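In my numbering, the protein residues as written are 115 to 179.
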């Protein structure tokens with residue numbers, strides 16, 4: 115394999131690319147964490163909303179199907 119750029123220049127480009135990818139990765143991890151928190155809150159809210167319905171439905175008498 116022949117490189118047209120000197121190894122130091124090539125290495126520098128890879129370091130820059132790696133740095134950008136690390137930054138992007140960090141941002142995505144932060145976003146993922148926020149979405150997990152939001153999801154957890156929505157699940158809790160959903161659970162609270164379902165509870166009265168289940169209680170009400172289970173007390174209702176159901177006659178013949």
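C-beta atoms are modelled at their ideal positions from N, C-alpha and C, and glycine is treated no differently.
Remember, it's a predicted structure, so these values are computed and weren't measured experimentally.
Consult DSSP for residue 120 and reduce its assignment to one of helix, strand or coil. coil
To the nearest angstrom, how far is it from the Cα of residue 141 to the Cα of residue 125? 24 Å
Roughly how many whole angstroms lie between the Cα atoms of residue 151 and residue 133? 27 Å
Span separating the alpha-carbon of residue 135 from that of residue 164: 42 Å
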